[in-house]
Every structure is written in C-alpha cells, then in structure tokens.
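Chains as they are written, first to last, in our numbering: chain A, 9 to 496; chain B, -15 to 55; chain C, 5 to 225. The beta-carbon is built from N, C-alpha and C at its ideal position, and this holds for glycine as well. Below: one structure, written as structure tokens.
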Amino acid sequence: MQSNAQLEYDYSIVKAFTFTTILFGIIGMLVGVILAFQLAFPELSNLAGEYGTFGRLRPLHTNGVAFGFTLSGIFATWYYVGQRVLKMSLNESKFLMTVAKLHFALYFITILLAVVTLILGITTSKEYAELEWPLDLLVVVWWVLWGVAMFGMIGMRRERTIYVSIWYFMSSFLAVAMLYLFNNMEVPTALVSGYGSVMHSVSMYAGTNDALVQWWYGHNAVAFVFTTPIIGMIYYFLPKESGQNVFSYKLSVLAFWGLMFVYLWAGGHHLIYSTVPDWMQTMGSVMSVVLILPSWGSAINMLLTMKGEWQQLQTSPLIKFMILASTFYMLSTIEGPIQAIKSVNAIAHFTDWIPGHVHDGVLGWVGFMTMAALFHMAPRIFKREIYSKSLMETQFWIQTVAIVLYFTSMWIAGITQGMMWRAYDEYGSLLYSFIDTVTVLQPYYTIRAVGGLLYLVGFFMFAYNIYKTATSGRVLDKEPVNASPMAS
Amino acid sequence: MDQETLLTIQGYGKFFVILFVFIVFYSYAYSIYKRQRTGERDFEKYSNLVHDDSFDSTPLEKRDNSIDKND
Amino acid sequence: MFHWLEQKPFFFAVVLFLTIAFAGIIEVIPDFAKQSQPTVGTKPYTTLELAGRHVYIKDSCNACHSQLIRPFKSETDRYGMYSLSGEYAYDRPFLWGSKRTGPDLMRVGNYRTTDWHENHMMNPASVVPGTVMPAYPHMFTNIADIETAYAEAYTVKAVFGVPYDAEGMPKLGTLEEAQADAMAQAKLIAADMKNQSVKDAVANGQVPEIVALIAYLNSLK
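Encoded structure:
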C-alpha cells in the first residue's frame, strides 16, 4: 500500500445524490399515483385548475421518475461504485471533486426548473424529451460534466482492469449523449424571427422523420437509463452483498457487447403499422426478439450468482430486493419482445398493456434495484447500521404486491380494450363505440391506482428507513465487507 | 442518386456490416474462452474486484505500462 | 487485438460508441429525404391553427390522443382513411402519441364541429357520459399566443423552406398581417360559439385559447 493512510473514498457527492433520489422519487411517484386515481375517478382531474390536469402532470411523472429518481440513483451509485472498483478517491483530485460538485448542483437546478416549466405547460411534446431548449442546454452541460468526472476517474485509477459495471455506466453516458443531442435538435423561434416567447422552439425534423428520431431516442433512453446502468449496479451490488462471485464473468462480458449491438435496432417496434418504411418496422420486430438473448444472459448470470447460497434469500431482505429485481428484468425483457411481434402489437399498441409493461420494468427492476443499492450503500456512506430490517421486509412485501396488482390489471385492461376496438357485429359494423371501451376499464384503473399507492407507501417506508439510518442507526466502527448490517 | 439505388446500397451495407459484427463478436467469444482455457488470462478472477475494493487493499493488477505492452 | 478492448478505456469507449451509433446511421438517415415529401393537397397550418396546436401541446393532449390511423379495417371504419407519411410533412413536432386513453384525432375535423368541441372542452361528461377526460374551462379565459405562433411559422419558412406565401398556400406576411388574418379566422369560429366571454374577447381583438384550439382541431382532416 503506497497511498496516503488518511485518504479514503469520498462519499459527499454520493450522499447528495442519495438525497435527490429519494426526493425526486417521492415527487415522481406521488404524481404518478395522482394520475392513476384521476383515470379511475375523473372527478379528481380538475382539483388544481389547469395545473392539475392529466396532460400537465403526465410529463412531470415520466420526467420525475426517469430523470429525477432513476438518474439520481445512477449518479449516486456511479460515484460510489466508480471510486471503489477503480480504487481511486475523489479526494485525490481537487479538479474532479469540483466537477462532481458542479455536476450535482446543475443537475439539481435543472430538475427543479423542469418541474416548474412542465407544470406551466412549457413542453416540446416529445416523450421523455419534453424540456424546452434552455433546459436542454443545461442538461448537456451537466451530462458533459459527468463524462469529465467519469473519464477523469478512470484515468486516475489504480486498478488496471475495468470492472464490467463501469462498462455499463460508460455505455449509458455515451449513448444518452448521442441520443439526447440528436433528438433535441430544435430551432429557438424567438432567435430566428425576433418575435414571441423565448422559451419556444421548433423541431428540426418534421412528421415521420421526427417520429423516427423520437422513437430511436425514446426506446434507447429506456435502454440506457432504465437498463444498462441498472445492470451495472446489480453486477456490483449483488456479488458484494451476497459475498458470491459473479457466476460467469465471461458471460457478463459477452452479454454486454450483445446488448450494446442489438438494443439500438429495436426502436422501430414503437412504430409498427405507422407510416415509417416497412423494412424498418420488421427490423424493429426481429431485433426486439433477438434482444431476449443478451438480456437473459445478464439476468441468468445474476440469478446463478446466488448458486449454493439461496438461503440468503430467506435471511436477507436486501438479497430479496435484488433477486426479485432480476426476475422482473427477465419478465419485462420477454414481455417487450412479445409486444413487438407485429400481430400482437396490432392489439397491444395504444392500450394500457404498454404502461403495464413499462411499469413492471421500472417498478420491479429499476425501483427495486435502485432502492437495494441505496440500502447497501447506507451503512458504508453513513457508517451506521441500517435502522430496521423488519421495516425493510415489510416494505418488500407491500411493494411486491403493489407491482403484481399493477401489471396484472394493466394486462387485462390493455387486452380487453385492444380486442374491443376491433370487435365487429354480424352485420359488419363496429360493435363498441369508443367510450364503451373506456368505461369498461374503470375497475382495472382502480386496481392499478391502489397498486401504485401501495408502492408509494413502500417508498415512504424506504425513505424513513434511510433517514433513520443516517441519523440514529447504531454507529459502526468498521466498514462491513459483504452483508449489510441491519438492526432487527 | 435516386431513392432506389440509395435503398439498395443501404440494404447491402446493412447486411455486410451485420455479418462483420457477427464475425467479430463470435471471434471475441472464442478468444475469451481460449484464453481462459490456456491459462493466458483468468477472467473469473475479476469478480474479486468487487469483493476486494476497500481503499487500502492492493490492486488485483497494478497499472504498469511495461506490463501493458507485453500483454 | 481484444486485449485493447479490455484494458484501454479510450479505445474501448470509441468501439463502444461505434457499436451504439451504427444502428442509427443505417436505420434513420437514408429514409430522411423520402419521408419528408408532402402529399398533394397538404398545406402548412395558418397562424391561428398553429397557435391552437401550441395549446394542444401545452396541455399535452398527445398524452391521451393519438394522431395516427393504422391500416386496419377497425381503425379506418372508426377514424377514416389510414395515415400517409406525406400528410405529416409540416408537423413539427409530430403528434402521433403513444397511448389512446381517448380516441384518435387525426381526422377529427371531418366529424366534429366547433359547437361540439366548445361543449366538450367546457365539460366533457356533458357530451360523452362516462368519459375520463378532464374539463378545460381555463382555455376559455387564457389568451392564445399568436405572436409565438407567427414566430414559429416565420422560422420554419426561413429555415426549412416551408412554403408559406406560395401560390395556393396559406399567407403569412408580416406579424401585423398574420395577426389580422388570425383575427379574421378567429371571428368566424367565435360566430359558431355560444360562450359570451369568448365572443366578447374576440370582439375586443383577443383570441382565447379555445378558439385557436378549435381552429386547429377543425383543420385536422
């Protein structure tokens, strides 16, 4: 050991991002629950005038959970895992420390501004890219700062080989940079004409081209925000928490490259039966099915990591979270390709099955894995024991029930509505008017809303548990190696 | 160049590039398993990067340019 | 050769980026030229319609309504002729949507009237019992931003060559001319409406959001 003895990993940035993960998680999920109840009970739609309607709140929900909650979780785990597996500390470089702090500050400001502008209805309307151009520029700045911190940290590393988790974080950085830039190409109208609102811009692409670029972005934003960094997390946290080696490191390397190559091709499945060229729709379909292979490669690798140690699933709620997360990853990566098959897509597209699919992915996979990562980090960054194991256990079961309620109700709702839209009577006229296919969904919307509410309740338990850990958990004198210590 | 030619070029381009990537991918897979079998490089030991990650532990493989060149 | 990939982060990042970027280059770029050709008869939006489109976007109507009719009998029977690529040539951004919580609106101008929209936007349940759509009374009082609509039309004309002011196409002209044209179109719509405060506002030279929105919805054919 040549390094300075008083040097250690710096977790100040990790703590800041942990805080925003919880804060934006609460905001994003709360708005989601409100939206779910509005669909079940439309009287709730106009409680806050124009600022409380479904249309205004929906972008707030999607941006809040994707770019608030999930991205915060990704950044928190990056600054944690990155320092540790590269064996370098942010303390060693004033420059990188400043970059990381600036990264956090600008990120936080941007998301707060996003909340305000979206509520005011300042949006480009492109899904997951709703922010208008001044905010887009801010996003670019802190994304670049993240890249500087990332490559700076890699450049300073002591460990020669870069662990596979870092690969996933790098792919996320590179891909989102490219996708975000191209999809948000827009011309600010006030700058060109000299008239009108400064915030307004117009897309560089028109019609079908705009749709193509948007779904090339939209699909892969899901890939590189909701999938690859989360895989990066599980490749670190599951082996670490369980004390097991990754089942096959070689498989993890191959699954990585497979995923990188195939994922980008699958975006076309959002545009099946639309006006984009046929070959591209078919390509989207086929590649979506091929995508099962690398996805399941990672997921199975994770499950088999627990080989011979399955009793941990019983004893540790943290392992429960991670194993269920990879199970939900398997579920949604088989469900997605099924929906991408043309004949299935004809029924599923535009229905509630799609939000159902998204949510078994994000609630089960992204949500569970992010919370598990935060739980694992808490004793290390706060140097305290986790406040309550039984609370964690209760949270796990409440949220698991919540997810099951959510996706089963949405499956039924989606398929019911899809079938009703295409039902004909014996005289060859449409059997149902549109509103018939809406009113029939009321019970499923109610079940979904209850599911969402339960998940939010579980999230509050999580927030409370982390808060109590940070403030009143038993102080640890030594950093735990594998299993995180928790008070019963 | 008209639309038809463009599409044809696109088709051929796509086919050959996918073929190329396919070959590279499988030769990489083969090289990993060969190197593991011959003992040239033990990939599975990298799992330890996770377990042995405290700040004052010795790196699994130190960064050293002379090793890099021979590897 | 693969050692590089595993241990040289810079080289690794380049290969990784190429792998990721590759699909986009092949998939997206070559079809760009073809897809942006307008079909015969497709015209850019007038200033007022564009202002209405901004209202549509502001309240994220596209979160629940698609504007894309797929080529199935069940869809063409319900919504009309299936969508053609060229029909979207002036749509910036596209508004296909991804979810039909409400019906498709691609050709809503063919079968709904100003009067229907007025009642429906004020209180959807009074027109469609059992609907889950929120009411939009604020659109009757909020004033539409004609100037920004003009700025957008001016920009697409200048930057992307959208044929405003060409023969048989909508006139744009200067801001004052465009505002006057928008007012004239707004008066025609207000004449078909019952809401007194909207009529008063239009008579005073202001365009409430609902008028612009209805102009836009009526233009969807």
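Cβ pair residue i, residue j closer than 8 Å
i: residue 176 (chain A); j: residue 92 (chain A); result: no
i: residue 228 (chain C); j: residue 283 (chain A); result: Since the first and last residues shown for chain C are 5 and 225, residue 228 (chain C) lies out of range.
i: residue 578 (chain A); j: residue 410 (chain A); result: Since the first and last residues shown for chain A are 9 and 496, residue 578 (chain A) lies out of range.
i: residue 384 (chain A); j: residue 249 (chain A); result: yes
i: residue 21 (chain A); j: residue 98 (chain A); result: yes
i: residue 74 (chain C); j: residue 271 (chain A); result: no
i: residue 39 (chain A); j: residue 65 (chain A); result: yes
i: residue 80 (chain A); j: residue 45 (chain A); result: no
i: residue 141 (chain A); j: residue 181 (chain A); result: no
i: residue 49 (chain C); j: residue 94 (chain C); result: yes
i: residue 257 (chain A); j: residue 11 (chain B); result: no
i: residue 313 (chain A); j: residue 404 (chain A); result: no
i: residue 25 (chain A); j: residue 83 (chain A); result: yes
i: residue 150 (chain C); j: residue 51 (chain C); result: yes
i: residue 52 (chain A); j: residue 136 (chain C); result: no
i: residue 165 (chain A); j: residue 94 (chain A); result: yes
i: residue 407 (chain A); j: residue 316 (chain A); result: no
i: residue 339 (chain A); j: residue 331 (chain A); result: no
i: residue 380 (chain A); j: residue 449 (chain A); result: no
i: residue 421 (chain A); j: residue 463 (chain A); result: no
N- and C-terminal bounds of the alpha helix (DSSP H) containing residue i
i: residue 196 (chain A); result: No alpha helix (DSSP H) holds residue 196 (chain A); the beta strand (DSSP E) holding it covers 194 to 196.
i: residue 181 (chain C); result: 179 to 195
i: residue 258 (chain A); result: 257 to 271
i: residue 220 (chain C); result: 213 to 223
i: residue 89 (chain C); result: Per DSSP, residue 89 (chain C) belongs to no alpha helix (DSSP H) and is neither H nor E.
i: residue 236 (chain A); result: 236 to 250
i: residue 318 (chain A); result: Neither: residue 318 (chain A) is in no alpha helix (DSSP H) and is coded neither H nor E.
i: residue 365 (chain A); result: 361 to 367
i: residue 417 (chain A); result: 397 to 429
Burial state of residue i, where buried means 16 or more other Cβ atoms lie within 10 Å
i: residue 128 (chain C); result: buried
i: residue 107 (chain A); result: buried
i: residue 42 (chain B); result: exposed
i: residue 357 (chain A); result: buried
i: residue 493 (chain A); result: exposed
i: residue 33 (chain B); result: buried
i: residue 81 (chain C); result: exposed
i: residue 7 (chain B); result: exposed
i: residue 198 (chain C); result: exposed
i: residue 432 (chain A); result: exposed
i: residue 8 (chain C); result: exposed
Beta strand (DSSP E) segment containing residue i, residue limits
i: residue 210 (chain A); result: 209 to 211
Min CB distance residue i to chain A below 8 Å
i: residue 5 (chain B); result: yes
i: residue 155 (chain C); result: yes
i: residue 11 (chain C); result: yes
i: residue 104 (chain C); result: yes
i: residue 98 (chain C); result: yes
i: residue 15 (chain C); result: no
i: residue 31 (chain B); result: yes
i: residue 17 (chain B); result: yes
Interface flag, residue i vs chain C, CB-CB below 8 Å
i: residue 52 (chain B); result: Note that residue 52 (chain B) has pLDDT 47, beneath the 50 cutoff, so the model's placement of it is unreliable and the number below is only indicative. So yes, residue 52 (chain B) belongs to the interface.
i: residue 272 (chain A); result: yes
i: residue 46 (chain B); result: no
i: residue 86 (chain A); result: no
i: residue 55 (chain B); result: Confidence at residue 55 (chain B) is low in this model, with a pLDDT of 40, below 50, so its placement is unreliable and the value that follows should be read with caution. Yes, residue 55 (chain B) lies at the interface with chain C (some Cβ there is under 8 Å from its Cβ).
i: residue -6 (chain B); result: yes
i: residue 38 (chain B); result: no
i: residue 10 (chain A); result: At residue 10 (chain A) the pLDDT is 46, less than 50, meaning the model places this residue with poor confidence and gives no usable figure here.
i: residue 460 (chain A); result: no
i: residue 12 (chain B); result: yes
i: residue 58 (chain A); result: yes
Neighbour flag for residue i against chain B, beta carbons, 8 Å
i: residue 392 (chain A); result: no
i: residue 265 (chain A); result: yes
i: residue 61 (chain C); result: no
i: residue 167 (chain A); result: yes
i: residue 496 (chain A); result: no
Rounded distance between the beta-carbons of residue j and residue i, thought under 8 Å
i: residue 129 (chain A); j: residue 63 (chain C); result: 6 Å
i: residue 55 (chain C); j: residue 153 (chain C); result: 4 Å
i: residue 264 (chain A); j: residue 172 (chain A); result: 6 Å
i: residue 491 (chain A); j: residue 393 (chain A); result: Rounded, the Cβ-Cβ distance is 12 Å, inconsistent with contact.
Contact with chain F by residue i, beta-carbon distance below 8 Å
i: residue 309 (chain A); result: Judged by its chain identifiers, the structure shown contains no chain F, and its protein chains are A, B and C.
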